[in-house]
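Trainee:
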Amino acid sequence: MINALGQPQTVLLLGGTSDIALALARAWARNGSPEVILAARPGERRDRAAAGLADLGLRVEAVDFEAEATGDHPALIESIAASRDIDVAVIAFGVLGDEEQSWQDHETAARLAEVNYVAPVSVGVCLAQVMRRQGHGVIVALSSVAGERVRRSNFAYGASKAGMDGFFLGLGEALRGSGARVLVVRPGFVHTKMTEGREAAPLSVTAEQVADAVTTAVAKGDDLIWVPKAMRGVMSGLRHVPRPLFRKLPI
Amino acid sequence: MSDESEVLTGWGRTAPSAGRVRRHAGPDAVADLLRDAGPRGLIARGLGRSYGDPAQNAGGVVLDPLPSIIDEPAADGTVRVSAGTSLHDLMRFLLPRGRFVPVTPGTRYVTIGGAIACDVHGKSHHVTGSFGDQVVSLDLVLPDGTLRTVGPVHDPELYWATVGGMGLTGVIVSAVLRTIAVETGYLDVTTQRLPDLDAVLAEMAGSDDDFTYSVAWIDTEAKGSSLGRSVLSRGEHATLDQLAGAAAAHPLAVPTAPRLTVPFAPPFSLVTRPTVRAFNEAWFRRAPQFRAGEIQSVSAFFHPLDGVAHWNRLYGPHGLLQYQFVVPEDRADVVRRILEEVAADKHTTFLAVLKRFGPGSSGWLSFPTAGWTLAIDAPTRPGLVGLLAHLDEQVAEAGGRIYLAKDARLRPELMSTMYPRLAEFRELRERLDPHHRLQSDLSRRLAL
Chain A
1 MINALGQPQT VLLLGGTSDI ALALARAWAR NGSPEVILAA RPGERRDRAA
51 AGLADLGLRV EAVDFEAEAT GDHPALIESI AASRDIDVAV IAFGVLGDEE
101 QSWQDHETAA RLAEVNYVAP VSVGVCLAQV MRRQGHGVIV ALSSVAGERV
151 RRSNFAYGAS KAGMDGFFLG LGEALRGSGA RVLVVRPGFV HTKMTEGREA
201 APLSVTAEQV ADAVTTAVAK GDDLIWVPKA MRGVMSGLRH VPRPLFRKLP
251 I
Chain B
1 MSDESEVLTG WGRTAPSAGR VRRHAGPDAV ADLLRDAGPR GLIARGLGRS
51 YGDPAQNAGG VVLDPLPSII DEPAADGTVR VSAGTSLHDL MRFLLPRGRF
101 VPVTPGTRYV TIGGAIACDV HGKSHHVTGS FGDQVVSLDL VLPDGTLRTV
151 GPVHDPELYW ATVGGMGLTG VIVSAVLRTI AVETGYLDVT TQRLPDLDAV
201 LAEMAGSDDD FTYSVAWIDT EAKGSSLGRS VLSRGEHATL DQLAGAAAAH
251 PLAVPTAPRL TVPFAPPFSL VTRPTVRAFN EAWFRRAPQF RAGEIQSVSA
301 FFHPLDGVAH WNRLYGPHGL LQYQFVVPED RADVVRRILE EVAADKHTTF
351 LAVLKRFGPG SSGWLSFPTA GWTLAIDAPT RPGLVGLLAH LDEQVAEAGG
401 RIYLAKDARL RPELMSTMYP RLAEFRELRE RLDPHHRLQS DLSRRLAL
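For the record, the sequence lines run as chains A and B.
Using the UniProt record's numbering, the first residue of the first sequence is number 1, and each one after it goes up by one.
Using the UniProt record's numbering, the first residue of the second sequence is number 1, and each one after it goes up by one.
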């Protein structure tokens, strides 16, 4: 169970080797000792992530998870939920891809849409079913400001996040009254291995800052946050810029 | 009866979860509901005055209380009541008959079932013990559906597991309670202003036993040499010849329903540092240095907050926490350190009440043990995690414990230190309830 101060006892990290997912586990471990289920592709990266969390004194279980294998998701989520409640599930996987390749190369484009949109919907539906049955639980969906107003420079990524963002906002509405909740998180540019080598945008943040914002939002019962907070105003402004002008902005 | 889930919280309005709320028509219906409870089990709920999560059951069944049924008192003053009877209804029934309950907590809006399951205490603990000490017997529907009558004499093991057992040994359906004779529905109150913690501790330790009722309100904002400055309020049931005026005309006046209500939760807490500081200052200044012989009604003396319905909403959307602990009488140093830490916390405001407990209860998971108990209210905010975890450690180290009826955030690892009979309790539950038909959010969170 999650307690009155928002400390979960069980955390499921889907895309459990992502920098933000691991920063979140560490943030929750600072004041508690949740059991962490690392759902990720098997391999050295997952082993290292699991060992790192175990070093913090957490109970860690690694399970095999392939985002694109959506047919396997129902059985996987059910098997995780069979022996314990899932207090918080974090959907932390995603791909950024090369911006130009991801609209010109068919395979890249389809895969990006699959991983960033179809797979979150797939696990989201399974998690919603489990959490309705539990009568409690929080789904944390890591969206992006890129989905809030899709721009030319990374529209394939932005569009996939826009779809994902819309789905989870709607799922949150649908789950009202069920005890289960959804938190949609819209970070700006985050310094992670996914964005390594790219030029940081203004208002960039670290994975730790995202994690702190998420743990606070989970505790407060928020359903939508921007990281950093100032991004909310910026995006609200950008949403209203007319297209001819938006096109000329260096973003 | 519907299958629709309802989102429930405790009085603190934190950690909501959804369960299927069911009404029932007596022990047979309870037995049926228990058998059909399913994998998430069932828990009985009273009036939802526990602060945390003991009366909610995520994904399971939550049993609404039966309405009040109160039999005429027997010649020896005992009275049989349904578990869903509120203390409010019971007092309104008893007072015109010249009787009163020996133990009342700070609110009348609790059910008898809840009062037993939490083994609640009141200002009289040092004289009367806790609620479980006032029960002659109770009827319990066990997890397998059988109805059992237990009491301190008949089947003490199951009885003392049930008293303070947070509803996890069975569903209490009725109880026979002791009552006391009173001449009036009023209290003869002695109020004292005390300048610091040492003064209030000494006064309580020295002369509490001269009064049936005793509690101190502590100004949590006071620091340094006035740390722990308090208003100590003690009382006795007033006799007829002590009343004058309107009270004398209606000596057995009954408590009434709240006149004020907080209609909705404001978008932010109205309990803030400036408001609490102002309130604390005014409360302390308003109190007399010493005043004896003041006549107060039952409501004013025992249940001042019951005058405002839904007062918990004043704490805004994130609700409130109450941190109540007890430490042995010789560990007042822990009370002092905790008051110091609370006074030093710049981000939160607290309201606090101090009481000296008499000998501990026999309930396996009952809270009261001889010593000092301090209850602190605070608006919920994530930053409390560290502070309260630190307080937990000091309480546990001193051989103290946290009150489960108030708790909403304790770490389960500390439970067996604070409650040495937890292992026995778990064994009994495993024996009594192998299919885990009785569960609550609290039982899952703390692995009871």
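All residues carry an ideal CB built from backbone N, CA and C; glycine is no exception.
Got a sec: is the Cβ-Cβ distance from P382(B) to anything in chain A below 8 Å?
Mentor: Closer than 8 Å to some Cβ of chain A, the Cβ of P382(B) qualifies, so yes.
Trainee: By the three-class DSSP mapping on this structure, what secondary structure does Y51(B) have?
Mentor: In this structure, Y51(B) counts as coil in the three-state DSSP scheme.
Trainee: Using a beta-carbon distance below 8 Å, is V120(B) in contact with chain A?
Mentor: So no, V120(B) is outside the interface.
Trainee: Can you pull out the residues from the stretch 424–441 of chain B whose beta carbon lies closer than 8 Å to at least one beta carbon of chain A?
Mentor: Against chain A - using a Cβ distance shorter than 8 Å - the residues of the stretch 424–441 of chain B are D441.
Trainee: Measuring CA to CA, which of A202(B), L187(B), L321(B) and A257(B) is closest to P292(B)?
Mentor: It should be pointed out that residue 292(B) corresponds to Ala in this sequence rather than to Pro. Nearest option by C-alpha distance: L187(B).
Trainee: Which residues of the stretch 203–224 of chain A have a Cβ closer than 8 Å to any Cβ of chain B? Give them in chain order.
Mentor: Listed by position, the residues of the stretch 203–224 of chain A near chain B (Cβ gap below 8 Å) are T215, T216, A219, K220 and G221.
Trainee: Residues of chain A with a CB under 7 Å from the CB of T14(B): which are they?
Mentor: Correct list: A4.
Trainee: With DSSP as the reference, identify every bridge partner of T206(A), one or two as the case may be.
Mentor: Paired residue(s): H191(A).
Trainee: For residue 460(B), which three-state DSSP category applies?
Mentor: Missing from the structure shown is residue 460(B); chain B here goes from 1 to 448 and no further.
Trainee: Just to make sure I have the definition right: I need the residues of chain B whose C-beta is within less than 7 Å of the C-beta of R133(A). Which are they?
Mentor: In chain order: G59.
Trainee: May I have the straight-line CA-CA distance separating Y419(B) from R151(A), to the nearest angstrom?
Mentor: Y419(B) and R151(A): Cα-Cα distance of roughly 59 Å.
Trainee: Starting from A389(B), find everything on chain A with Cβ-Cβ shorter than 7 Å and list it in chain order.
Mentor: Near A389(B) (Cβ distances below 7 Å), the residues of chain A are N31.
Trainee: Using a 10 Å radius around the Cβ and a threshold of 16 neighbouring Cβ atoms, would you call D139(B) buried or exposed?
Mentor: Flag for D139(B) reads buried.
Trainee: At what residues does the beta strand (DSSP E) containing I172(B) begin and finish?
Mentor: Taken as a continuous stretch (DSSP letters only), the beta strand (DSSP E) holding I172(B) covers V171 to L177.
Trainee: Please report the Cβ distance between G386(B) and V327(B), rounded to the nearest whole angstrom; I am assuming they are in contact, meaning their Cβ atoms lie under 8 Å.
Mentor: Actually they are not in contact, since the Cβ atoms of G386(B) and V327(B) sit about 20 Å apart, beyond 8 Å.
Trainee: Check whether the Cβ of Q104(A) lies closer than 8 Å to any Cβ atom in chain B.
Mentor: Judged by the 8 Å Cβ criterion, Q104(A) is not in contact with chain B.
Trainee: What three-state label does DSSP hand P255(B) in the structure shown?
Mentor: Looking at P255(B) - three-state DSSP - the assignment turns out to be coil, as it is neither helix nor strand.
Trainee: For a test of the three-state rule: what should DSSP assign to V335(B), helix, strand or coil?
Mentor: Here V335(B) sits in helix by DSSP.
Trainee: Across which residues does DSSP place G19(B) in a beta bridge pair?
Mentor: In the DSSP output, where bridge partners are listed per residue, G19(B) has E6(B).
Trainee: Assuming P382(B) contacts A219(A) under a Cβ cut-off of 8 Å, what Cβ separation, rounded to an integer in Å, is found between them?
Mentor: So it is a contact: roughly 4 Å between Cβ atoms.
Trainee: Tell me, to the nearest whole angstrom, how far the beta carbon of P42(A) is from that of T10(A); I am working on the premise that it is less than 8 Å.
Mentor: No, P42(A) and T10(A) are not in contact; Cβ-Cβ is about 21 Å, not under 8 Å.
Trainee: Can you tell me where the alpha helix (DSSP H) holding H73(A) begins and where it ends?
Mentor: Looking at the DSSP string, the run of the alpha helix (DSSP H) that includes H73(A) is H73 to A82.
Trainee: Could you tell me whether any Cβ in chain A is nearer than 8 Å to the Cβ of R409(B)?
Mentor: Interface residue, yes.
Trainee: For chain B, check one thing: does any of its Cβ atoms lie closer than 8 Å to the Cβ of Q7(A)?
Mentor: Judged by the 8 Å Cβ criterion, Q7(A) is in contact with chain B.
Trainee: Anything in the stretch 304–323 of chain B with a Cβ closer than 8 Å to a Cβ of chain A? List those residues in chain order, please.
Mentor: Taking 8 Å as the Cβ-Cβ cut-off against chain A, the residues of the stretch 304–323 of chain B that qualify are P317, H318, G319 and L321.
Trainee: Tell me the rounded alpha-carbon separation between V79(B) and G185(B).
Mentor: Approximately 18 Å, taken between the alpha carbons.
Trainee: On the CB-based measure, 16 or more other CB atoms within 10 Å of its CB, does A15(B) come out buried or exposed?
Mentor: So A15(B) counts as buried.
Trainee: With DSSP as the reference, identify every bridge partner of A44(B), one or two as the case may be.
Mentor: Paired residues: L63(B).
Trainee: Pairing CB atoms from the stretch 190–204 of chain B with CB atoms from the stretch 312–319 of chain B, are three or more of them under 8 Å?
Mentor: Counting Cβ pairs under 8 Å, fewer than three are found: no touch.
Trainee: Consider the Cβ of S269(B): report whether some Cβ of chain A lies at a distance smaller than 8 Å.
Mentor: Chain A, which has no Cβ nearer than 8 Å to the Cβ of S269(B), makes this no.
Trainee: Just mark A398(B) as buried or exposed, buried being the case when its beta carbon has 16 or more other beta carbons within 10 Å.
Mentor: A398(B) should be labelled buried.
Trainee: Which chain B residues are close to G177(A), counting only those with a beta carbon under 9 Å from its beta carbon?
Mentor: Going along chain B in sequence order, the residues near G177(A) (Cβ under 9 Å) are E4, S5, E6, V7 and A18.
Trainee: Which same chain residues, not among the five before or five after F268(B), have their C-beta less than 7 Å away from its C-beta?
Mentor: Hits under 7 Å: G316.
Trainee: What are the boundary residues of the alpha helix (DSSP H) that V130(A) is part of?
Mentor: Element bounds for V130(A): A119 to Q134.
Trainee: Rounding to the nearest angstrom, what Cα-Cα distance links F100(B) and G38(B) in this structure?
Mentor: When rounded, the distance between both Cα atoms is 41 Å.
Trainee: Going by beta-carbon coordinates alone, are A205(B) and G165(B) separated by less than 8 Å?
Mentor: Contact flag unset, no.
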